[in-house]
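Colleague: Just passing along the structure, written as C-alpha cells.
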Amino acid sequence: MTEMSGADMVVQALVDLGVDTVFGYPGGAVLPIYDALFNHPQIKHILVRHEQAATHAAEGYARATGKPGVVLVTSGPGATNAVTGITDALLDSIPMVVLTGQVPTNLIGTDAFQECDTVGITRHCTKHNYLVMDPDRLGPVIHEAFFIATHGRPGPVVVDIPKNVQVATGSYTVPERIEHKSYRPQIEPDADPIAKAIALIAAAERPVFYSGGGVINAGPDASAALRQLVALTGAPITSTLMGLGAFPSDDPKWLGMLGMHGTYEANMAMNRADLIIAVGARFDDRVTGRLDAFAPEAKKIHIDIDRSSINKIVPVDIAIVGDAGRALDALIAAWQDRGHQARDLGEWWRRIDGWRATRCLDFPEKTEASAEIMPQRAIKALFDATRGRDPIITTEVGQHQMWAAQHFGFSAPNRWLTSGGLGTMGYGFPAAVGAQIAKPDRLVVCVAGEASLQMNIQEMGTVSQYRLPVKIFILNNEYMGMVRQWQELTYESRYSNSYSDSLPDFVKLADAYGWTGLRIDTLGELEDGIRTMIDTPGPVIVDCRVAKLANCFPMIPSGAAHTDMILQPSDVIGTMDDEAKALV
Amino acid sequence: MKIQTEAGERHVLAVTVDNESGILAKITGMFSARGYNIESLTVADISADHAVSRITIVTSGPPAVIDQIIAQLDRLVPVHSVTDLTDQGAHVEREIALVKVAGTGDKRIEALRMADVFRAKVVDTTLTSFIFEITGSSDKVDRFVALMRECGLVEVGRTGVVAIARGAEAV
Chain E
1 MTEMSGADMV
11 VQALVDLGVD
21 TVFGYPGGAV
31 LPIYDALFNH
41 PQIKHILVRH
51 EQAATHAAEG
61 YARATGKPGV
71 VLVTSGPGAT
81 NAVTGITDAL
91 LDSIPMVVLT
101 GQVPTNLIGT
111 DAFQECDTVG
121 ITRHCTKHNY
131 LVMDPDRLGP
141 VIHEAFFIAT
151 HGRPGPVVVD
161 IPKNVQVATG
171 SYTVPERIEH
181 KSYRPQIEPD
191 ADPIAKAIAL
201 IAAAERPVFY
211 SGGGVINAGP
221 DASAALRQLV
231 ALTGAPITST
241 LMGLGAFPSD
251 DPKWLGMLGM
261 HGTYEANMAM
271 NRADLIIAVG
281 ARFDDRVTGR
291 LDAFAPEAKK
301 IHIDIDRSSI
311 NKIVPVDIAI
321 VGDAGRALDA
331 LIAAWQDRGH
341 QARDLGEWWR
351 RIDGWRATRC
361 LDFPEKTEAS
371 AEIMPQRAIK
381 ALFDATRGRD
391 PIITTEVGQH
401 QMWAAQHFGF
411 SAPNRWLTSG
421 GLGTMGYGFP
431 AAVGAQIAKP
441 DRLVVCVAGE
451 ASLQMNIQEM
461 GTVSQYRLPV
471 KIFILNNEYM
481 GMVRQWQELT
491 YESRYSNSYS
501 DSLPDFVKLA
511 DAYGWTGLRI
521 DTLGELEDGI
531 RTMIDTPGPV
541 IVDCRVAKLA
551 NCFPMIPSGA
561 AHTDMILQPS
571 DVIGTMDDEA
581 KALV
Chain D
1001 MKIQTEAGER
1011 HVLAVTVDNE
1021 SGILAKITGM
1031 FSARGYNIES
1041 LTVADISADH
1051 AVSRITIVTS
1061 GPPAVIDQII
1071 AQLDRLVPVH
1081 SVTDLTDQGA
1091 HVEREIALVK
1101 VAGTGDKRIE
1111 ALRMADVFRA
1121 KVVDTTLTSF
1131 IFEITGSSDK
1141 VDRFVALMRE
1151 CGLVEVGRTG
1161 VVAIARGAEA
1171 V
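Now the structure itself:
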C-alpha cells in the first residue's frame, strides 16, 4: 500500500499489469494521467490523430498479440469518438481496456465542459464499465478491469476517471487475488457433453468442423489442438471470417470460409452434413443464411465460452461451455482414451470433391499486360508475393475484405485482423498501426478500399510520427463496392450515393505525409508494384486500380439458403422481394 | 411486408446482483436492446451489508427467448444468479397496490364493501375519498382495480411483483 496521486496509480497499475503500449489522445480531463505518463518511459504512448483510431489500433495490437489493447482518451468527445471501436471490440470479443477522463466529481451532472455520461453511453457496448469516484478504488478497479477484459469471453472494459480523482491522493493497492465477486466464467468444459460429443463425432458419416474467432481468442495452443482433432477425425473444416488462420489454408481438409461469401464446398458441406462441430463460432446471420434451411440434416455440437451464444440462433444437440482450447484438448483426450480410429469418410470426401470441382472462386479475367486488374487477382498476387514472409493482413470493410478472405491463404492465427461483427469501415488502417507497433519487424499490410480507408486516413500522420513501415494496399474501384453490389442485386442498379467521388490523389497524399506512394494501373504492373511496396522501407500506400464493376461471388443473397448460392454474375436473376430486402 | 411477432408465456425471474450504481440501467437496457418484454420489475437491496440487491422481473416470450433472457442476464458481470421461478415450480407472488377512490353516497359504500371482500385495508380516508391498500397476486389486484373503476377510482399505484419459491431451499 503506497500513498500516491490517482494519476500515478493509473500508470503504476498499467506498469504492474505489464502494459507496454497505450494508444491515446490527450485532453483536459486526462491531463493528470498524461503528466504521470511523462515520468514513466517504460509505457510507450502512441499518439493517434482521432480517438476512434486509438481503439482500432488497440484492437489491432490485441489481435496480433493476444494481449489486451489499452486506450487512454479524454472526457466528452474523446469518449464518444471511442465508442465505435469499443463496440467493434465487443462484437468481435477483443480484450481491451479504455481509460477515459471525466469532469471532476463535483461537476458531474451539470453539463460541464466536455462532459458526457460515459458510463451511460458505454454501458451496452462494453463487457463492463466503471466510474471511479474514490482514488483508493483505482488500484483494485483497474486490476479488475483487465481481469474482466481478458477472462471468459474477452471484451472491452471502460474505466471512467474524474479529473479530481486523478489529482487526489490515496492508497494504491493491488488485490491479492484478481477476481470478481460474481463473474465466474466457465473455462473447463464439463465431462458429460465431451463424452457425448466424442461418441457423435466417432459415429458421424458426414461431419464438418465449423470454427470461429473463439479458437483464435483461446490462443495458439487452441489452433494446434484444432489441427490435431481434425487430423484425428479426418473430417473437413470450414471457418468464419473471424476464425481464419486457426487452420492452415493449404491443408486438403480446408474447405475455405463459409457463409454469405464463403465457398460453395463449405456451404454445401454444412447443408448436407450429418454432424456440425461448431468451435468458438456463434452462428451469425452472415454464416447461417436462411435459418429454416440451415444444416437440416445435421446434429450440432457447439463449443462456446459464452453460454448465451448457445441456442441463441440455432438450437444445438450438445452444448459444451468452456474455453475452446480446453474443450478441444478434452475432445482429443476422449478420442484417444476410447481408442477411436478415423472412420472411412471416402464417400463424404467424394461429394465434397464434386462441389470443389465447381471452382467457385474462379473469376473471369483478361491476361494481357495492358488489361485491367481484377481485384481477386490483386489479392492473389499479394498473397504470392508475401508467401514465406508471415505477413499480418488487416482489412477495411467491404468487397476488398471478402476478396482478401477468399483469396489470401492464412496458415497461422493472429495474422488476419478484420472487423467481423460490427463491420466497421475505417478499422483496417489503424488496426495495422496497432499490429505494427506490437510486431515492429513484421510485414503488416492493410488491404483497403478507397472508401473505407478515408474513414481513418488521418492516421497517416501517426505512422509518419512513429516511422512505422505499414503498407496500405488499396483496391481502388471508385465505388463503395459492396454497397454498389447490393444496389445492383436489390435495387436494379440504382447506385444511390455509392460512387467515390472526389477521391484524393493517393500518391500525392503519400508524398504530403512523407510516405512512398505508388500507383498500379494495369495487370502488367501488378507484380512489380507489389514487389516495390514490400521492398520499400517505411510506409507505402499503393493505389491499385481494379475493375470498377467487379462483384464478389460466390454470394448467398440475404434470405437465401446455403444451397442457393450465386456463383457468378450470370446467376443473378430478377430483383428481391421485400422480405429479402428487409434482411441485412 | 408485415413484421411478425411471436406469442409467449409469462415467466417470473429472480435475479441477484451487485448493489452498484447503474445496475438497473444495465439490466433494463439489455432487455430493451434485445427486444425482450418487461411486464414488471422490482428491485431492493436485500443483504445485511447492502452489497446485494434482488430484482424480480416478470417477462414473457417463447421458451427459446426465455432461455436466452436467462443466459443474457447471467453473463452480465454484476449478476450473481438468475432463477426462473416459473420454471422451477411452486412459488409465491405478491404485489401491493394503493388505490384511491373518490365519491359519496352509494358508490362510496359499495367501494368499502368490495374492499372488505378483497381484504383491502383502508389506509387513508376523507369525507369524499378512501385509499385502499391491497396485497395479493397480480390477478387479484387487477380484479380489485377493475371493480373500483365502477366505484370512483381516481388513482392507482402498484409495486410490481415480488416472488419467492416455496419450500426450504433458497436461490
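Protein chains in written order, with my numbering: chain E, 1 to 584; chain D, 1001 to 1171. Here a beta-carbon is modelled for each residue, glycine too, at the ideal position from N, C-alpha and C.
Step through the CB atoms of chain D and report whether any lies within less than 9 Å of the CB of residue 306 of chain E.
Modeller: Translated into positions along the first sequence, residue 306 of chain E becomes position 306. Yes, its Cβ sits closer than 9 Å to a Cβ of chain D.
Colleague: Identify the contact partners of residue 1050 of chain D in chain E, using a Cβ-Cβ distance below 9 Å as the criterion.
Modeller: Counting from 1 along the second sequence, the entry for residue 1050 of chain D is found at position 50. Those within 9 Å of residue 1050 of chain D in chain E number zero; the least Cβ separation is about 14 Å.
Colleague: If we ignore side chains and look at the alpha-carbon of each, how far apart do residue 1031 of chain D and residue 1038 of chain D end up?
Modeller: Taking the second sequence and counting its residues from 1, one reaches residue 1031 of chain D at position 31. Taking the second sequence and counting its residues from 1, one reaches residue 1038 of chain D at position 38. Computed Cα separation, rounded: 7 Å.
Colleague: Output, in chain order, the set of chain E residues within a Cβ distance shorter than 9 Å of residue 1071 of chain D.
Modeller: Within the second sequence, residue 1071 of chain D is the residue found at index 71, counting from 1. Simply 306, 307, 308, 309, 310, 311, 312.
Colleague: With distance defined between alpha-carbon atoms, name the residue in E/411, E/374, E/49, E/521 nearest to residue 386 of chain E.
Modeller: On the first sequence, position 386 is the one that residue 386 of chain E refers to. The residue with the shortest Cα to Cα distance from residue 386 of chain E is E/411.
Colleague: With 9 Å set as the bound, which would you pick, yes or no: does the beta-carbon of residue 127 of chain E sit closer than that to a beta-carbon of chain D?
Modeller: The count along the first sequence starts at 1 and reaches residue 127 of chain E at position 127. It does: the Cβ of residue 127 of chain E has a partner Cβ on chain D nearer than 9 Å.
Colleague: To be precise: take each residue of the segment 174-195 of chain E, compare its Cβ to all Cβ atoms of chain D, and keep it if any distance is under 8 Å. Which residues remain?
Modeller: Going along the segment 174-195 of chain E in chain order, one finds 180, 181, 182, 183 with a Cβ nearer than 8 Å to chain D.
Colleague: Report the three-state DSSP secondary structure of residue 163 of chain E (helix, strand or coil).
Modeller: Residue mapping note: residue 163 of chain E aligns to position 163 of the first sequence, counting from 1. It is helical.
Colleague: Is the closest heavy atom of the ligand FMN to the C-beta of residue 445 of chain E under 8 Å?
Modeller: You won't find the ligand FMN in this model; it holds no ligand whatsoever.
Colleague: Give the residues of chain E in contact with residue 1074 of chain D, contact being defined as C-beta atoms less than 8 Å apart.
Modeller: Residue mapping note: residue 1074 of chain D aligns to position 74 of the second sequence, counting from 1. The answer, in chain order, is 307, 308.
Colleague: Consider the Cβ of residue 1022 of chain D: report whether some Cβ of chain E lies at a distance smaller than 9 Å.
Modeller: Here the question's residue 1022 of chain D lines up with position 22 in the second sequence. Chain E, which has a Cβ nearer than 9 Å to the Cβ of residue 1022 of chain D, makes this yes.
Colleague: Would you say residue 45 of chain E reaches chain D, if we count a Cβ-Cβ gap shorter than 9 Å as a contact?
Modeller: Your numbering for residue 45 of chain E matches position 45 in the first sequence. Cβ-Cβ to chain D under 9 Å: no for residue 45 of chain E.
Colleague: So residue 375 of chain E packs on residue 550 of chain E, CB below 8 Å; how close in whole Å?
Modeller: Here the question's residue 375 of chain E lines up with position 375 in the first sequence. Here the question's residue 550 of chain E lines up with position 550 in the first sequence. Contact flag correct, Cβ pair sits at about 5 Å.
Colleague: With distance defined between alpha-carbon atoms, name the residue in D/1166, D/1139, D/1102, D/1161 nearest to residue 1155 of chain D.
Modeller: Translated into the one-based positions of the second sequence, residue 1155 of chain D becomes position 155. For residue 1155 of chain D, the nearest C-alpha among the options comes from D/1102.
Colleague: Name the DSSP bridge partner or partners of residue 304 of chain E?
Modeller: Start at 1 with the first residue of the first sequence, and residue 304 of chain E comes out as number 304. Beta-bridge pairing links residue 304 of chain E to E/321.
Colleague: Which bits of chain D does residue 165 of chain E rub up against, with CB to CB less than 8 Å?
Modeller: What you label residue 165 of chain E is simply residue 165 of the first sequence in a count that begins at 1. Correct list: empty, because the minimum Cβ distance to chain D is about 15 Å.
Colleague: For the alpha helix (DSSP H) that residue 494 of chain E lies in, which residues bound it at each end?
Modeller: Here the question's residue 494 of chain E lines up with position 494 in the first sequence. Unbroken run through residue 494 of chain E: none, as it is neither H nor E.
Colleague: Please name the residue or residues paired with residue 1091 of chain D in a DSSP beta bridge.
Modeller: Here residue 1091 of chain D is taken as the residue at index 91 of the second sequence, counted from 1. Its beta-bridge partners are D/1165.
Colleague: Check whether the segment 1152-1169 of chain D and the segment 1079-1095 of chain D are in contact - that is, three or more C-beta pairs closer than 8 Å.
Modeller: Contact between the segment 1152-1169 of chain D and the segment 1079-1095 of chain D is present, because at least three Cβ pairs lie under 8 Å.
Colleague: For a test of the three-state rule: what should DSSP assign to residue 429 of chain E, helix, strand or coil?
Modeller: Taking the first sequence and counting its residues from 1, the one referred to as residue 429 of chain E is at position 429. Looking at residue 429 of chain E - three-state DSSP - the assignment turns out to be helix.
Colleague: Can you confirm whether residue 1171 of chain D, when its beta carbon is compared against all beta carbons of chain E, has any partner nearer than 9 Å?
Modeller: Here residue 1171 of chain D is taken as the residue at index 171 of the second sequence, counted from 1. For residue 1171 of chain D, the answer is no, since every Cβ of chain E falls outside 9 Å of its Cβ.
Colleague: By DSSP, does residue 456 of chain E sit in helix, in strand, or in coil?
Modeller: As a first step, residue 456 of chain E is located in the first sequence; it is residue number 456 there, counting from the start. Reduced to three states, the DSSP call for residue 456 of chain E is coil.
Colleague: Which same chain residues, not among the five before or five after residue 149 of chain E, have their C-beta less than 8 Å away from its C-beta?
Modeller: Here the question's residue 149 of chain E lines up with position 149 in the first sequence. Once the five neighbours on either side are set aside, the close Cβ partners of residue 149 of chain E are 68, 95, 96, 97, 127, 155, 156, 157.
Colleague: So, residue 45 of chain E versus residue 24 of chain E, is the Cβ gap smaller than 9 Å?
Modeller: Along the first sequence, read from residue 1 onward, the residue named residue 45 of chain E stands at position 45. Along the first sequence, read from residue 1 onward, the residue named residue 24 of chain E stands at position 24. It is a contact, given that the beta carbons lie within the stated cut-off.
Colleague: Could you tell me the distance, in whole angstroms, from the CA atom of residue 70 of chain E to the CA atom of residue 86 of chain E?
Modeller: Reading the first sequence from its first residue, position 70 is the one you call residue 70 of chain E. Reading the first sequence from its first residue, position 86 is the one you call residue 86 of chain E. Those two C-alpha atoms are separated by around 11 Å.
Colleague: What are the residues that DSSP puts in a beta bridge with residue 1055 of chain D?
Modeller: Working through the second sequence from its first residue, we reach residue 1055 of chain D at position 55. Residue 1055 of chain D is bridged to D/1015, D/1043.
Colleague: Since residue 120 of chain E meets chain D, which of its residues come closer than 8 Å, beta carbon to beta carbon?
Modeller: Here the question's residue 120 of chain E lines up with position 120 in the first sequence. Here the neighbours are 1022, 1025.
Colleague: State the DSSP-derived secondary structure class of residue 581 of chain E, mapped to helix, strand or coil.
Modeller: For the purposes of this step, residue 581 of chain E is taken as residue 581 along the first sequence, with counting starting at 1. The answer is helix: DSSP assigns residue 581 of chain E an H, G or I state.
Colleague: Name, going along the chain, the residues of the segment 314-326 of chain E whose beta-carbon falls closer than 8 Å to a beta-carbon of chain D.
Modeller: Under the 8 Å Cβ criterion, the segment 314-326 of chain E contributes 315.
Colleague: Is the shortest distance between the beta-carbon of residue 1062 of chain D and the beta-carbons of chain E less than 9 Å?
Modeller: The count along the second sequence starts at 1 and reaches residue 1062 of chain D at position 62. Not closer than 9 Å to any Cβ of chain E, the Cβ of residue 1062 of chain D fails to qualify, so no.
Colleague: What's the gap between the Cα of residue 106 of chain E and the Cα of residue 124 of chain E?
Modeller: Here residue 106 of chain E refers to the residue found at position 106 of the first sequence. Here residue 124 of chain E refers to the residue found at position 124 of the first sequence. Roughly 25 Å between the two C-alpha positions.
Colleague: Helix, strand or coil: which one does DSSP assign to residue 233 of chain E?
Modeller: Here the question's residue 233 of chain E lines up with position 233 in the first sequence. If DSSP states are grouped into helix, strand and coil, residue 233 of chain E belongs with the helices.
Colleague: My guess is that residue 425 of chain E and residue 447 of chain E are in contact by the Cβ rule of under 8 Å, so how many angstroms apart are they, rounded?
Modeller: Here residue 425 of chain E refers to the residue found at position 425 when the first sequence is read from its first residue. Here residue 447 of chain E refers to the residue found at position 447 when the first sequence is read from its first residue. Contact doesn't hold; Cβ gap of about 13 Å is too wide.
Colleague: Taking the C-alpha atoms as reference points, what is the distance between residue 1040 of chain D and residue 1048 of chain D?
Modeller: Sequence index remark: in the second sequence, residue 1040 of chain D carries index 40 (1-based). Sequence index remark: in the second sequence, residue 1048 of chain D carries index 48 (1-based). Each residue's Cα considered, the two are about 25 Å apart.
Colleague: Check residue 545 of chain E in the structure and name its three-state DSSP category.
Modeller: Indexing the first sequence from 1 puts residue 545 of chain E at position 545. Residue state, collapsed to three classes: strand.
Colleague: Please report how far the alpha carbon of residue 300 of chain E lies from the alpha carbon of residue 316 of chain E, in whole angstroms.
Modeller: Along the first sequence, one-based indexing puts residue 300 of chain E at 300. Along the first sequence, one-based indexing puts residue 316 of chain E at 316. Going by the C-alpha atoms only, they are around 5 Å apart.
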